[in-house]
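Colleague:
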Amino acid sequence: MKENNIRITACNHSLPEHKQAIINLIDAYIKDEMGEGIPLSENEQEALVEGLRTHPRAIVRFAESDGNFIGIVVAYEHFSTFTAKPMINIHDVFVLKAYRGRGVGRKLMEAIIHDAEIRGCSRISLEVRQDNIKAQKLYRSVGFDETEPPMYYWRKYL
């Protein structure tokens with residue numbers, strides 16, 4: 002697979018193959034060393050697909066090569082009170098292990114950057130694990146960097 006064989010497409014939630022691609026790619030991400038490790042149940046898979054379909058500001062893009070779904074980016078448009086403009090938060094970026102190092106992640110990131118520019122966004126944010134050095138290298142190469150002042154990413158589970 003060459004980089005020019007990679008095609009980025011918007012998710013069409015009415016297509017069964019796109020619904021299945023969401024499930025397959027997110028499940029692979031969860032099982033990956035950078036994921037949480039617990040695969041989604043059938044009910045959670047259905048909730049994932051339906052939740053992304055009905056979320057008014059969800060952005061889902063696929064990377065495809067030779068008819069196969071090989072990567073996904075899931076992001077959400079929000080509103081920045083500090084800039085009084087829209088912004089995008091990237092929630093998930095994942096590429097199947099067999100396709101890493103071939104420019105797939107870069108193409109997914111470039112697609113989201115393009116979406117943000119078209120929407121008039123003031124910024125794009127994302128979180129990255131401290132131990133995910135490869136992802137950090139990709140993100141830096143397309144213009145992302147640590148914030149000043151440095152930020153923490155906190156959670157409260159409900």
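Here the working numbering is used: the first residue of the sequence shown is 2, the next is one more, and so on.
Each residue gets a CB set at the ideal place from its N, CA and C atoms; glycine is no exception.
Please read these numbers as outputs of a predicted model, since none were measured by experiment.
On the DSSP bridge assignment, give the partners of I89 in chain order.
Modeller: Taking the sequence shown and counting its residues from 1, one reaches residue 89 at position 88. I89 is bridged by DSSP to E78 and I125.
Colleague: Taking Cβ to Cβ, would you say I71 is nearer than 7 angstroms to Y100?
Modeller: As a position in the sequence shown, residue 71 is number 70, starting the count at 1. As a position in the sequence shown, residue 100 is number 99, starting the count at 1. Yes, the pair counts as a contact, with Cβ atoms nearer than the cut-off.
Colleague: Looking only at its chain, what residues have a beta carbon closer than 8 angstroms to the beta carbon of L97, apart from the 5 residues adjacent to it on each side?
Modeller: Locating residue 97 in the sequence shown gives position 96, where the first residue counts as 1. The answer, listed in chain order, is L26, A29, I71 and G72.
Colleague: Compare the C-alpha of G52 against each of P87, Y77 and V94 and name the closest.
Modeller: Taking the first residue of the sequence shown as 1, we reach residue 52 at position 51. Residue Y77 is the option with its Cα nearest to G52.
Colleague: Taking V105 and I7 to be in contact with their CB atoms under 8 angstroms, please state how far apart those CB atoms are, rounded to whole angstroms.
Modeller: By one-based count along the sequence shown, residue 105 stands at place 104. By one-based count along the sequence shown, residue 7 stands at place 6. The beta-carbon separation of V105 and I7, rounded to 6 angstroms, stays under the 8 angstroms limit for a contact.
Colleague: Determine whether the beta carbon atoms of H14 and R54 lie at a separation below 7 angstroms.
Modeller: If you number the sequence shown from 1, residue 14 lands on position 13. If you number the sequence shown from 1, residue 54 lands on position 53. Taking 7 angstroms as the Cβ cut-off, H14 and R54 qualify as a contacting pair.
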